[in-house]
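Numbering (the working numbering), first residue to last: 177 to 263.
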Amino acid sequence: MAKMTASTHIIKGSLWLYLDNQQIMSNTDAVEVELEEGKDYIIHWFVKGGAGTQYSLTISSPKEAQFHLNKMLQASGKDVGSLQFGA
Numbered sequence: 177m178a179k180m181t182a183s184t185h186i187i188k189g190s191l192w193l194y195l196d197n198q199q200i201m202s203n204t205d206a207v208e209v210e211l212e213e214g215k216d217y218i219i220h221w222f223v224k225g226g227a228g229t230q231y232s233l234t235i236s237s238p239k240e241a242q243f244h245l246n247k248m249l250q251a252s253g254k255d256v257g258s259l260q261f262g263a
């Protein structure tokens with residue numbers, strides 16, 4: 177079975193990370209989740225904080241999902257994103 181390894185970091189804000197619409201992490205944390213091989217997955221995230229809040233998201237495995245994001249919230253104080261991959 178494959179594993180997804182992810183970590184997030186945020187200061188003065190909130191960040192929620194979901195895998196196939198199930199929350200797997202919030203705020204600054206790290207997680208490892210077992211994946212079924214041959215299945216497609218969607219990761220999505222929602223971030224809320226003040227304008228200028230910085231956050232990061234790193235997915236280090238599996239290789240099909242490797243991803244790194246450093247971002248700063250704009251005036252709305254909100255951000256959302258997604259990533260689709262197969263295990």
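Yeah, the Cβ is synthetic: ideal placement off N, Cα and C, and Gly gets one too.
The count of Cβ pairs closer than 8 Å, one atom from the stretch 203-216 and one from the stretch 181-195, reaches three, so the stretches are in contact. Residue 199 has 194 as its beta-bridge partners, per DSSP.
Counting the other Cβ atoms within 10 Å of the Cβ of residue 223 gives 16 or more, which makes it buried.
The criterion of a C-beta distance shorter than 7 Å is satisfied by residue 191 and residue 231.
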